[in-house]
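A short write-up of the structure that comes next.
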Amino acid sequence: MSAATPDSCLFCKIVAGDIPADVVAQNDDAVAFRDVDPQAPTHVLVVPRSHYADASALADGEPGTVAVLVSLARDVAQGDGLDDYRLVFNTGPGAGQTVFHTHLHLLGGRAMTWPPG
Ligand code: 5GP
Ligand code: ZN
Numbered sequence: 001m002s003a004a005t006p007d008s009c010l011f012c013k014i015v016a017g018d019i020p021a022d023v024v025a026q027n028d029d030a031v032a033f034r035d036v037d038p039q040a041p042t043h044v045l046v047v048p049r050s051h052y053a054d055a056s057a058l059a060d061g062e063p064g065t066v067a068v069l070v071s072l073a074r075d076v077a078q079g080d081g082l083d084d085y086r087l088v089f090n091t092g093p094g095a096g097q098t099v100f101h102t103h104l105h106l107l108g109g110r111a112m113t114w115p116p117g
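Next comes the structure, spelled out in structure tokens:
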């Protein structure tokens, strides 16, 4: 669980259309929008419409939506002409999570190194 609640959650507000975002794809379960501080030529966040704090909570609460996030990310990658890309769920502050509404990072358009920082 996180301290964020649906009333205070940034990504819930983006999903609701109350805060503007560059939305690139959406369906009944998820919304994809470009990251405001892109770390690659393509950097898109794919989020469930429902509020869950992280990927683990989403997997417990709406397991099918985890697959929706991955397939929507693939569609966005293909739309940006990407054959290769990276998908990341930062889970917990120690792993770099700063927004506690599940989001799948889609990163691509440049060479990716491993391990990530
Ligand atoms: P995290 O660090 O939680 O894995 O990822 C949060 C991401 O949300 C960051 O990459 C950050 O740049 C992005 N972000 C934060 N605030 C906003 C915003 O208001 N709009 C958009 N489009 N992205 C945001
Ligand atoms: Zn939320």
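Residue numbers in the sequence shown follow my numbering, run continuously in steps of one, and reach 117 at the last position. The beta-carbon is built from N, C-alpha and C at its ideal position, and this holds for glycine as well. Bear in mind that the values here come from a model prediction, so they are computed numbers and not experimental data.
Exercise for the section: Please confirm whether any heavy atom of the ligand ZN lies closer than 7 Å to the CB of residue 11. Expected result: yes
Exercise for the section: Would you check whether the ligand 5GP has a heavy atom nearer than 7 Å to the C-beta of residue 103? Expected result: For residue 103, the Cβ falls inside the 7 Å cut-off from some heavy atom of the ligand 5GP.
Exercise for the section: With DSSP as the reference, label residue 74 as helix, strand or coil. Expected result: Residue state, collapsed to three classes: helix.
Problem - Three-state secondary structure (DSSP) of residue 82 - result: coil
Exercise for the section: Rank 7, 85 and 113 by C-alpha distance to the C-alpha of residue 42 and give the top, closest one. Expected result: 85
Exercise for the section: Identify whether residue 65 lies in helix, strand or coil by the three-state DSSP scheme. Expected result: Residue 65: helix per DSSP, three-state reduction.
Practice task
Compute the minimum distance between the beta carbon of residue 27 and the heavy atoms of the ligand 5GP, and state whether it is under 7 Å.
Solution key: no
Practice task
To the nearest angstrom, report how far apart residue 59 and residue 39 are at their CA atoms.
Solution key: 26 Å
Problem - Heavy atom of the ligand ZN within 7 Å of residue 43 beta-carbon - result: no
Problem - Cutoff 8 Å; reference residue 24; Cβ partners in own chain excluding five residues on either side - result: 32, 33, 34, 44, 76 and 79
Problem - Span separating the alpha-carbon of residue 116 from that of residue 90 - result: 12 Å
Practice task
Would you list the one or two residues that DSSP bridges to residue 42?
Solution key: 108
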